[in-house]
Amino acid sequence: MNEAGMFAVINQCYAQNCDTKYDSENCRYNIYCTNTFNIDRRWDNFQHNIYGQRQGQINSEECSKYITYMGYHIDRIFLTYKATLDDTSLLPRVVPESSPWNRRRDDVWDIIYNLDLSDNNYEIAPIFKNMQNLVKVDLSRNQISKASLSNANELQALTDIDLSFNRISNITVDSYEIPYTKLKKINISHNYLVKIPDAIFDKIDDLQTLDLSHNYIEGFSPFTFEGTRSLLHLNLSHNRLTDINSSLFRFTELKTLTLSGNRIKELKISDFEKLTKLEYLDLSSNSIKTIDYDVFRNMALLANLDLSNNVLENLNQDSFENLQSLTSIDLSRNKLRQLPKDLFKNRSIYNFSVSDNFIEGSLTKGTFEGVNVSTLDLSFQELATVEDYAFNQMVKLETLMLNNNGIYSLSNLCFRTLTNLLSLDLSNNKISSIDFDKTDLTLLDSLFLKNNRLVQIKHENFQHLISLQFLDLSGNSISQLDSNSFKSLRSLINLKISANPLSGTLKTGTFDGLVSLPSLDISRNLLTTIQNASFNDMTELKSLNMSRSKIKELEFNVFVNTGYVETLDLSFNELEKFCVNLTELVGLSILLLNNNLIKTISSSSFHGLSRLTEINLAYNSMENIQNDSFKSLIDLRNLDLSYNEQLIFIESLINNTENLNSLDLSGVKTNINFSLSKDSTIQIVSISDAGLNNITNLNLSTLTQLNHLTLRNNSLTRLEIGALTDIKKLTYLDLSFNKISYIQPGAFKDNEMLFYLNMSHNCLSVVGYGIFRGLIYLNTLDMSFNSIKDLQSERFYEVKSLTQLIVDHNKIESINVEEFAGTSLSKLSIGENPLSCRLLVRLKKRGVPFEITAIKLDEHTGENIDGVTCNKEIGRPTFEPTVKFDNSSEKNEVLIDIRNVLYNISNKSVPQNDNGKYFDNITNVIEKSNKINNDNLSKLANLTFKVIELDNNTNILLNKILNSLQENVDKNSDTLATTAPILNVNSTIEFIPYIDKVKKQLEKTIADEKQNILNELERKLSLSVYHTESITKSPGTEKLVSNNEGAQSIFTETCVALILLILVCFILYKFYKSRMFVRSRMSYSTRELPGAMDNSTL
């Protein structure tokens, strides 16, 4: 920064004043300075005024800590400095920095009591001027790498320095500076210390608290703490200590020692023998396996000992013998298998934990002698039995947890002396009997016996538990409940007895005495009959659950004297009818009868239940419901008649219910029609799995209040205008799992409030124009699992509020996401579509203004491109013709050259123009053209094969002709040998030169035609490249319109080339056939004809 800039920053800093506020409760000033130390007051403005404070509004202890300065009492100043400058070099190196505008007020620094310089990115601790009343300095949360316990100027009152949360790796005391000899508290926690220099604290005589926790200290030498004799509190937790190495022998005054979170494996007598005044010792979260005998012998004042989260396996009976002051011990999360008897004898342990160990065997008398806690957690151990007086003299115990053990036996007097016990948890054991003495458990209010092996409940089991309110007997093997089993439990308010194999008949008076019980759960049993008055005198019962049983009969007066039941659950039973005395159920609001065998509902089945709001009759065998069955149910809101396949649905059933809100007719296979349901209040209708093939036949237009319609898993094939007419309040429509292949434009014109539309798992192949017309508030559209091949944005322009479009599992091969940029779309799901890898990579790299989900990303395997698992290869497939060419033939080479030229045309890539806004359209056109070209090349190869076959056939024919000529010549030679002289070759007709001439003409013709074809292809190729380049180099500001013109041009050119090639081959063949046919009379000698015919060009 230049001088002008520096001056501007300084000028700006000093132009500001610090913010000063007075804390009247604690009699101190809080000054907050930003980028400056410009305090606009003199020291005498901070005088202490004891008369200005009301005694009831002040903290007398804090207000007594005033400062005496110049003979005056001054209130303490707590100064906080925060720098907001980006350049850390501008941080003040000297604190306080001098002010040229404020020299007369520099004396205010002599009354600063607390200086907070935290969170300022200091890399080096600043130099402090002589501030004679400064007591505490906070330099935490900076970037300081060296902790200096000295200063250039004396700070005679400094007792507390905080250097935590820095990057300190070394502690120093500079020889040319004045050490902080008065320090009482040093905090260098959460730094990077590995080693502490020997005798580094020897000049600090009054050091009382030292925090070196959360560093990387690996050990100490015997001289590390040389000279430190007044230390009271030492925190070395969360380091890497493996051995204390007798380094603590000087701390004879130490009161608290924290060594948790280290790597200590063994406790030695020599490490702790000098700590005679220790009161608190934390050794948790180490690797301690053994404890030396008598290791705590000199710690007579130790009150708190934490050995949790170690690997202790055994404890000596005398391990804690000398700890006479011990009141709290934590042995949890170890590997203890036994607790020695009399381990805590003659102690008064008020906090004790031994949870999460492996204690096995029996709990015997004396195990917990001396332990006088209010909560004892012995859960999740391996206990087997509890002997008499196991918890002797634990008179303060209120909560005892013995759950999740293997306890199978409870001695008769096992819980004796527990007179104040309130909660006993014995769940998840192997207990088969609860006949133990309960005389001392009169205050017990919670008893948990869940998941044991109880087979019988007797009245005597609960005789003395007069205060019991919660009883859990679920998950046992109780098969029979005797009458009056719970007669003494008049205070019980929660009883759970579900998941027991109760069988046969529930007898009258079984639950006598439960006059306070509001909820009863006897579900999941084998009961078949419920007798009259089974719930007699349960006047407070509100909820009764008898579901998932084998109940076949409810006697008529089963609910007599039952009280005011509001919820009755009889689902998943074997009831064939529901016919009971309803006079005691007038308060019923929820009735669950689903999954039974009920066949009919009469007009009296629910008569008088005027408060009933919900009835569930699903999954029964109903065929008929009388018209007035629900007539008296004026408050009925939810009616479920689903999966009664043969139910004859009559509209009058619901027309008599004035407040019906929800109707479920799923699985009903008979005719459903709402034509007479005018002015209906129904808002939710579900007709799934009903075999529907036409929505119009439902006449849903009469349900004017309908807002939630589910028609999933039917046989609908078309959605036409009129199906959803006049349903103007519809917000949710589910048409999934049908066979819909056509949606007529305007089908949703009356459903403008529709918010969610599910068309998944259908047979749609196209998204037609206008099918979403009127859906101006549609937010979510699910069209997944269809056969849609193209996703054109203009089809969704009418859905202006669409934010989520789901089109997973379709046949979409191309998508131009940029076209959706102008819509409200925020999420597009396109997983499991055959999209090209090039497109997926572009979507991943370029990004779009909305979230695209369900693209398979795979950053690790080799079968991906740029982290995208592709459905297709990014490159074009290698062309493999169906015919294998013989490259030894020159004409085959010509055809191969033609093939390669055409293949290069098809594979010629168009360079990507980053400025082209609609490049995806061009890419799609080129990809389609390449596909067409590949098909044409395959056809060309097959045609070439046919030409070669014709050539081969011609050669075979010529060979036969030559053989025939040879035979004729031989015969003529034999006949003419005696009658005519042999003619001179030169005097005969010049046949051989004629053959040579024909050969040369043929070679020239083939060469000329080959060159013409190559020239024509080259011209077409240039023209194609020119068209392509002219498209890709269009100006970035010009909108490109997708069309098929390019693809048609390339296809036309390819067809012309193929036609020319076939025409040339045909002409050559005719020319060859006409010129090379030689009459026998033209020559009598064929000596050189075979040689000429062997020419490869011919």
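Numbering-wise, numbering that gives the first Met the number 0 puts 652 at position 653 of the sequence shown, and it's gapless, one number per residue. For every residue, glycine included, the Cβ atom is placed at its ideal position computed from N, Cα and C. Since we're looking at a predicted model, the values are computed, not measured.
Pairwise C-alpha distance: residue j and residue i
i, j, result
"S548", "L421", "34 angstroms"
"F629", "I653", "8 angstroms"
"T1036", "E817", "Any answer about T1036 is weak, because its pLDDT of 38 lies below 50 and its placement is not dependable; what the coordinates show is given next. If I take the Cα positions, the gap works out to 15 angstroms."
"I829", "S188", "52 angstroms"
"D109", "N120", "26 angstroms"
"F510", "N345", "47 angstroms"
"Y741", "L718", "6 angstroms"
"K826", "H232", "58 angstroms"
"L753", "M782", "15 angstroms"
"D355", "D376", "9 angstroms"
"L540", "R772", "55 angstroms"
"K1069", "F819", "60 angstroms"
CB contact flag (residue i, residue j, <8 angstroms)
i, j, result
"L632", "L611", "yes"
"A146", "L162", "yes"
"S497", "S518", "no"
"N391", "E368", "yes"
"S823", "L838", "no"
"N34", "T83", "yes"
"L584", "L616", "no"
"F343", "F379", "no"
"S730", "N706", "According to the sequence displayed, residue 730 carries Thr and not Ser. Contact flag set, yes."
"V94", "N113", "no"
"N809", "N832", "yes"
"L494", "L470", "yes"
"N761", "I739", "yes"
"T241", "R262", "yes"
"L464", "L488", "yes"
"E573", "N593", "no"
Opening and closing residue of the alpha helix (DSSP H) in which residue i lies
i, result
"E644", "That residue, E644, is in no alpha helix (DSSP H); it is neither H nor E in DSSP."
"E61", "59–62"
"F736", "Where F736 is concerned, there is no enclosing alpha helix (DSSP H), given that its DSSP letter is neither H nor E."
"I268", "268–271"
"S651", "651–654"
Coil, strand or helix - residue i by DSSP
i, result
"A1056", "helix"
"T79", "strand"
"V585", "coil"
"I529", "strand"
"K202", "coil"
"D439", "coil"
"F819", "helix"
"Q455", "coil"
"L826", "The question names Leu, but residue 826 is Lys in the sequence shown. Strand."
"R717", "strand"
Limits of the unbroken beta strand (DSSP E) element including residue i
i, result
"L382", "381–385"
"I477", "Element bounds for I477: n/a, residue is neither H nor E."
"S497", "Taken as a continuous stretch (DSSP letters only), S497 belongs to no beta strand (DSSP E), as it is neither H nor E."
"N113", "111–115"
"V136", "135–137"
"R27", "27–33"
"M400", "398–400"
"A146", "145–147"
CB contact check: residue i to chain C, cutoff 8 angstroms
i, result
"N165", "Absent here is chain C; the protein component of the structure consists of one chain."
Cβ-Cβ separation, residue j to residue i (assumed contact under 8 angstroms), whole Å
i, j, result
"N365", "L382", "Correcting the residue type first, residue 365 is Gly in the shown sequence and not Asn. In fact, because the Cβ distance is near 16 angstroms, the residues do not count as touching under 8 angstroms."
"T695", "G666", "Their Cβ separation, rounded to whole angstroms, is 21 angstroms, which puts T695 and G666 out of contact at 8 angstroms."
"L280", "L301", "6 angstroms"
"W42", "V107", "5 angstroms"
"N530", "T561", "Contrary to the premise, residue 530 reads as Gln rather than Asn in this sequence. No, Q530 and T561 are not in contact; Cβ-Cβ is about 13 angstroms, not under 8 angstroms."
"D74", "Y68", "The Cβ separation is near 11 angstroms, so there is no contact."
"S236", "G260", "5 angstroms"
"T275", "S246", "About 17 angstroms; that fails the 8 angstroms criterion."
Proximity test, residue i beta-carbon vs the ligand NAD heavy atom, cut-off 7 angstroms
i, result
"K788", "Only the bare structure without any ligand can be found here, which leaves the ligand NAD out of the picture."
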